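**Student:** Got a structure for you, questions after.
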Amino acid sequence: MQLIGVDTGGTFTDTVILDGRGQAGIGKTLSSLTDPGMAVLRSVAAAAAQLGQSLHEVLAATDIFSHGTTIGLNSLLTGTGAQVGLLTTMGFESTLPIAKINKVHGLDELDQMEPTRWEKPPLVVPRRAIRGVRERIDAHGQVVVPLDEEQARHEIRTLGEQGVQAVAVCLLWSVYQPAHEQRLRELLAEELPGVHVSLSSELAPHIGEYERTMTTVLNAYIAPLVTRYIDELDGALRREGFRGTFLLMQSGGGVARALQMAKRPLDTVNSGPVGGMAAALQVGRSLGHPNVITTDVGGTSFDVGLVVDGSVQYLPRPMLNRHVLANPIVDILSIGTGGGSIAWVDRELGALRVGPQSAGSDPGPVCYGRGGTLPTLTDAAVTLGYVDRLGGQLTLDRDAAVQAIRTHLAEPLGTSVERAAEGVLRVANAAMADLVRRATVRRGHDPRHFALYAFGGAAAQYAGGYAADLGCQEVVIPDLAATFSAYGAAASDLRTYAERELDPVDPAAGLDQIRSVLSELEARARAELRPGEGEVTGEVTVIRRAGVRFRRQVHQLQVELPGSDAELSAAGVAERFRRDYEKVIGAGTTHSDTPVEVVSLSVEGRLAVGGLRTIPAGGVHEGPPRPTHHRTAWFDGAMGEHPVYARADLPAGAEVAGPAFIELDTTTIVVYPGQRAVVDAGAHVRLLTS
Amino acid sequence: MEHQVDPITFEILRHRLWAINDEAATTITRVSGSPIATEANDVNTALMSADGQVVVTGIYILVQVVSLSTVIEDIQAHYRDNPGIRPGDMFITNDPYAGAPHQPDVIVVAPIFDGDRLIAWSGSVVHQSDVGGPTTGSINVSARSIFEESIPMPPLRIVEQGRIRRDIEREYLIRSRTPELNALDLLGQVAANREQSERVLALCARYGTDTVVGTLQQLVRSTEARFRQRLAELPDGRFRHESYMEHDGLSDAVYPVRLTMTKVGDSLTLDFSQSADQALTGINATLPTTRNFAMAGVMTLLGYGMPWVPAGFWPAVDLVTREGSVVHAKWPASVAMSVNAAGQEVRTCVNACIARLLDSSAAHADKVMAPGVSSAPAQTIAGHAASGRRFGTMLLDGLLGGGGARSSADGADVCGILTSPGAACSNIEVVEHNYPVLYGWRRERTDSGGPGRFRGGISGEVAYRPHHVDGDIDTTVFSHGVEQPTSAGTAGGEPAAPTGILLSAPETPLHAGMDAEALAAVGTPLPPKAARAIAPHEAYLSWCAGGGGYGDPIEREPRAVAGDVTDGLVSVEGAWRDYGVVLSGNRDRGYTADETGTFRLREKIRTDRLGGRAPMPRDDGAGTGRRVSSALSRSDSDRIHCRHCGTDLGPITDNVRLHLSRTEEPVGTRWPSAQRYPGATRFVLRRYHCPGCATQIDTEIALHGEEPVWALEVMP
């Protein structure tokens, strides 16, 4: 079976082709803001070329095309999504502006402790595009006020006059009774044909109107853009001969069919980093690292995630740009420091600063020679001699980078070009190390109990810098590090998740109801995983869970249920709940006579399609490693000649002492003075920082 | 002897302790049966030093934990020998005289022992739906002493060597109308203490006990140093503010809370001794509650850029009170309403005075924030659902108040009270899921923010009616600030609109989209303290106060006013009346300001301020000398001048308000909702203008006929 994983990041679009013989083809080409789909094809073509094939040849032989994209996230962060209207229950138009009175959550720690910096989250829908519809359903799902269709049509037309491109619909209690939302979709189709519609009862069927509305609105906000993208890319792949399954990475982990994702594009927002996490999880298992800090340095951002005891960490009510969402996603922290971050002299502060402005991929760093004029982190690394080639077909213009550093940094600071460039790296490394601390120390984890994985296009150049004082057990630059998210996309399971919230059910009295809801959810999950014509297939794993709590408790605990209805019993549910509860809350914290109730049921389905391929280290040379050549680079305050090794030449166990460089397919590891790099059997490079 | 901790370990341990404490709060909310704790985050946790000083706190409800130290001091003073303080013990209390903010706030604290060495304490506070007493929800608005409220529990050793004592647990639960909820929360608090203890001890094992203890000490020490440094950077001065509570549950009397705040060098004195005598009813605060609110105000408003370690702030703050006053109740005075009564106005006074202190410093003027909502329309409900199930809870719609305006930005809209940064209001669906009510609306309230160059945050309003209920809903409402606004303006900004509480006229249907004022006009305004029934055919309406404004309202950008009107936050009339802005447009397409009309209207307002006399032109370079506030400076000859036009405003030994031109308006004509209360005639809104350039320099809510408060006393 042949798999292709493609990850679109802010700067590069990465491809990993895993063919049936254990060979990998790697592609790294520039992303394009204006035509991201074309950039995907270019990247796949580059990877195909490595295997000596054409784009068409590769695609025609591929079973699975798995893709992570930041297109939705970018439009959220840059505010370039659709103009959205919101239809909601009349009287509750302020749900989003009120935001559950949150003015501090999502602010950084310093701002949280400074009242003059407290702000509500930014409004995605202006108040005048939030229209109340006369209708009301109560907490029992009963219609109290029927939908006033005339009035609704009037509000819809008003939105039309305002020029909205997408409409989110979130009515109170639609989780129990979606009829009014569904009717509004019909009215919208009649009044505003062609306008995207997102319904809260489908996207986020969770009680709690604020988070549900927010999720629905953000979905609508990015939907037109993402849907068009998916359609166009699907068409382009088919035209190039692809006949397999087109999958997209999900924020909640795993992959899903692209055409299903088109209905819930919000689930794509975190897909790049999630791809990296998926790959890290697999590599962690093979290397025996239950605790991993993942660090991903890309062109525009630095992402940090955690694997704790072999599991990815989830945020049940994740926050995106300070908006709280109703659906869980993989927990990843991010800052806007990457290779494209622009370095500048802040005359007021008298400081050398890096970011938050980024040159992105277009024009990109000065050294790309694509019209960039402001020096970036990558330009600094180039100036110091740490990078002497760029991914894909880019040619590197070192002179331009040096010139930019001189003009914009060295001369204003009154220092040498090299010292200015070194300063840029130091500032960026400190910011990256701080984020790692925030993800670990501030969540009560000690980085010393973790292995740190560094991946993404630029991590190999900086990991030795930012990891040095974190005290991690070891630093691993995994094989395929530069295209790790793409690798992760190809290595992920197909995953689907269906959930229903219930008016609390006594498990003894309501066992039949529980069984019937579960079988309905399971049928839905299996249907989503059922292969279409000519698609890959495999064994489906289904996990059924119940949200259980003591009667009158507010929070619920997810309890895994037996796989078959026959094994499902009220006593079993209660016992499993008490056991898990004491594990989480503490021994002796349950009363055996307090009744329990079931408040939600969910089914997760998985279909393994990819899986990990290990690529042996290879390397043929016996004896001490031999450099392929030497490179002029700046270490310890002086320019000098330093050895460069080819990773492919280094056998398992080979050790390289810094200062030195190890060239991988699409990136270069910088081994700083005092550090050593060791190659292991799985072709991963371990960096020993002390 | 103190143990020196190296900077990296200190940084790691500091964050680790913070994470341990934060996760303890998460544990409680996971276990809790109370939507108040889980949805509103009406819960807080703390880690304390061995002598009980509060070092690490969560940001949820600051006033709950700031003075947990008083509880620990009480335990150590009384129980050292009998019954003893041993590893695995925990103590429960809800005694406001021992440190609980009020009786519904239940505290469980635990000593942390490393071997037999007491190294720290952990503790948490969770608001309970009911802790007993004569009324459901445990707020008896007419209680004449604490014996007519929920009788508090002094600290009791409820956990002995790791085991909950069933006899004491029953003694606690038997008081409550919601014993099963209280039982769950108790388990959560016990689990949280256990978790904090285990994790702190794990740190001791890894880093050494001395290092952990040293980190706690260093946190206190470094915070004190930074806070004193902050105070030293600010000009010396004396500031006063007077805030009012009307209605004590028995009669419509007025209780002023009065603060004189003096900042000299690196210390701060908060003198509340001139406050009213204690009331017969539970609007009083005990000393611990006043300490809680005063310190929470100081930390939030003066503690920017430094960790909120209460124990580090206290050494620089001298709190002066008079026993027997409304902010220092004498046993057995009733106190259950304190957290929504005297405590709130303690913070308002601290807020108003700190705003003046910061405004006197050019370097810190960007941190000025006007007081925001304080007088929440708090409410408990109880009864039987149609299913026969009993229910009782506090509703959280009182959290929908507005934040104070800042010196460079509007106040946050519908953001809750200052000293509960992490609090949240419930989702309507969660409320309706748990209780038999159906909301007609929860929405932003037009014209509720205090006008100013920067507008105070607007507030929210709600309406609901009983739904699937068996009989009436019994309700207790306790609030104030309905006859007069409590959110004061700053630097010439104006107070926000007051609170509102009422029942609709019987049989009036409740439709979403109805105008609350229209319903109010035919409804029954409730007194600010009320215990009564809501019949199934009635609807309950309430709205919160907004935040105070900053700066002269007619200096607000006309474009910003037009945007507010488009958003429904300010009415067209409000734009004209409060901001002097003339508009054209409509809601669907948006409004724009008419430049010429606005210019003329604003000129007319200035002339009116001076009684028909044309104002002098402004010259912002005119007022030289040392800054006293954003509007005033002090010359070398110790006279005060307007910084906008240079006009002489008298010697520094005078109350400058007496030298400003003043207009006075009854609050009832300014805010129609207040006019429905006869007691509103006692209060006036005063606006103070520079007699030269007509700039609005100050505003004040005062009792009719009383002298202006000497709010800004320049030190010689």
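Taken in order, these protein sequences are the chains called A and B. 1364 is the number that the numbering used here gives to position 125 of the first sequence; each next residue is one higher, with no gaps. 659 is the number that the numbering used here gives to position 594 of the second sequence; each next residue is one higher, with no gaps. All C-beta atoms in this analysis are idealised placements derived from N, C-alpha and C, irrespective of residue type, glycine included. Note that the structure is predicted; figures quoted are calculated from it, not measured.
(1) DSSP beta-bridge partners for Y504 of chain B?
(2) Could you give the C-beta distance for T386 of chain B and L352 of chain B, rounded to a whole number, given that I count them as a contact under 8 Å?
(3) Please name the residue, chosen from A:Y1449, A:T1273 and A:Y1692, that lies closest to H1562 of chain A on a Cα-to-Cα basis.
(4) With DSSP run on the structure shown, which of helix, strand or coil describes E1778 of chain A?
(5) Can the beta-carbon of V1465 of chain A be found closer than 7 Å to that of S1490 of chain A?
(6) Between T1828 of chain A and chain B, is any beta-carbon pair separated by less than 7 Å?
(7) Since I believe I1265 of chain A is in contact with T1327 of chain A (beta carbons under 8 Å), could you give me their beta-carbon distance rounded to a whole number of angstroms?
(8) Looking only at its own chain, which residues have a Cβ that is under 7 Å from the Cβ of M780 of chain B, when we skip the five neighbours before and after it?
(9) Out of curiosity, what's the CA-to-CA distance linking R1227 of chain A and D1377 of chain A?
(10) Check the Cβ of W506 of chain B against every Cβ in chain A and list those closer than 7 Å, keeping chain order.
(11) For G614 of chain B and W379 of chain B, what's the separation of their Cα atoms in angstroms?
(12) Could you name the residues of the same chain whose beta carbon sits closer than 7 Å to that of L367 of chain B, not counting the 5 residues immediately before and after it, in chain order?
(13) Consider the C-beta atom of G1480 of chain A and the heavy atoms of the ligand NAP; say whether any pair is separated by less than 6 Å.
(14) Quick one: is L1800 of chain A buried, meaning 16 or more other Cβ sit within 10 Å of its Cβ, or exposed?
(15) Is E1394 of chain A closer than 7 Å to V1414 of chain A when the C-beta atoms are compared?
(16) Compare the C-beta of T74 of chain B against all C-beta atoms of chain A and say whether one is closer than 7 Å.
(17) Over the uninterrupted beta strand (DSSP E) stretch that includes H1881 of chain A, give me the two end residues.
(18) Under 9 Å between beta-carbons, which chain B residues line up against L1411 of chain A? List them in chain order, please.
(19) Among the candidates A:G1330, A:R1467, A:Q1289 and A:L1242, whose CA atom is the shortest distance from the CA of P1275 of chain A?
(20) Compare the C-beta of G639 of chain B against all C-beta atoms of chain A and say whether one is closer than 7 Å.
(21) So what's L584 of chain B in DSSP terms, helix, strand or just coil?
(22) I need the boundaries of the alpha helix (DSSP H) containing S332 of chain B, first residue and last residue.
(23) K1502 of chain A by DSSP, collapsed to three states: which one?
(24) Excluding sequence positions up to five away, which residues of its chain have a Cβ less than 8 Å from the Cβ of G330 of chain B?
(25) Which residue comes first and which comes last in the beta strand (DSSP E) that contains M459 of chain B?
(26) Given that H532 of chain B touches chain A, what residues does it touch there, using C-beta distances under 7 Å?
(27) Go ahead and pull the three-state DSSP assignment for D1302 of chain A.
(28) How is the beta strand (DSSP E) around M326 of chain B delimited, first residue to last?
(29) Roughly how many angstroms lie between the CA atoms of G1244 of chain A and D1470 of chain A, to the nearest whole one?
(30) Which of helix, strand or coil does DSSP assign to S1525 of chain A?
(31) Using beta carbons (cut-off 7 Å, strictly below), is I1340 of chain A in contact with chain B?
(32) What are the uninterrupted segments assigned as beta strand (DSSP E) that are 3 or more residues long and contained completely in the region 1699 to 1756 of chain A, given in chain order?
(33) Along the chain, where does the alpha helix (DSSP H) containing D1585 of chain A start, and where does it finish?
(34) If I follow the unbroken alpha helix (DSSP H) through C414 of chain B, where does it start and stop?
(35) Out of curiosity, what's the CA-to-CA distance linking V174 of chain B and A115 of chain B?
(36) Exposed or buried, what is L1796 of chain A when buried is set at 16 or more other beta-carbons lying within 10 Å of its beta-carbon?
**Tutor:** Inspection of the coordinates gives the following:
(1) When DSSP reads this structure, Y504 of chain B sits in a beta bridge with B:Y529.
(2) Here T386 of chain B really is in contact with L352 of chain B; their C-beta atoms are around 6 Å apart, less than 8 Å.
(3) The option with the nearest alpha carbon to H1562 of chain A is A:Y1449.
(4) Correct three-state label for E1778 of chain A: coil.
(5) No; because the gap between Cβ atoms is not below 7 Å, this pair is not in contact.
(6) Chain B, which has a Cβ nearer than 7 Å to the Cβ of T1828 of chain A, makes this yes.
(7) T1327 of chain A to I1265 of chain A, Cβ: 48 Å. No contact.
(8) Closer than 7 Å at Cβ, skipping near neighbours: D301, G302 and R303.
(9) Residue 1227 of chain A cannot be examined here, being either before or after the span of chain A that is shown, 1240 to 1929.
(10) Simply G1330 and F1331.
(11) So the alpha carbons of these two residues sit roughly 30 Å apart.
(12) Closer than 7 Å at the Cβ level, and outside the excluded window around L367 of chain B, lie R295 and I419.
(13) Here there are no bound small molecules, and the ligand NAP is not part of this structure.
(14) By the neighbour-count rule (16 or more Cβ atoms within 10 Å), L1800 of chain A is buried.
(15) No.
(16) Chain A contact via Cβ: absent.
(17) Per DSSP, the unbroken beta strand (DSSP E) holding H1881 of chain A starts and ends at A1877 to A1885.
(18) Going along chain B in sequence order, the residues near L1411 of chain A (Cβ under 9 Å) are I493, E494, E497 and Y504.
(19) Among A:G1330, A:R1467, A:Q1289 and A:L1242, the Cα nearest to that of P1275 of chain A belongs to A:R1467.
(20) No, G639 of chain B lies away from the interface with chain A (no Cβ there is under 7 Å from its Cβ).
(21) Note: L584 of chain B maps to helix in three-state DSSP.
(22) That residue, S332 of chain B, is in no alpha helix (DSSP H); its beta strand (DSSP E) goes S332 to D336.
(23) Looking at K1502 of chain A - three-state DSSP - the assignment turns out to be coil, as it is neither helix nor strand.
(24) These residues qualify, in order along the chain: L296, A297 and D301.
(25) R455 to L460 is the span of the beta strand (DSSP E), which, as asked, contains M459 of chain B.
(26) Residues of chain A passing the Cβ test: D1377.
(27) When DSSP states are grouped into helix, strand and coil, D1302 of chain A belongs to the coil group.
(28) Here the beta strand (DSSP E) through M326 of chain B covers V319 to V329.
(29) If I take the Cα positions, the gap works out to 18 Å.
(30) DSSP, read as helix, strand or coil, puts S1525 of chain A in helix.
(31) True, the Cβ-Cβ gap to chain B drops below 7 Å.
(32) Listed in chain order, they are 1713 to 1716 and 1733 to 1744.
(33) Boundaries around D1585 of chain A are those of the beta strand (DSSP E), S1580 to D1585, since no alpha helix (DSSP H) includes it.
(34) Start and end: A407 to D424.
(35) Here the C-alpha atom of V174 of chain B lies approximately 12 Å from the C-alpha atom of A115 of chain B.
(36) When all chains shown are included, L1796 of chain A counts as buried.
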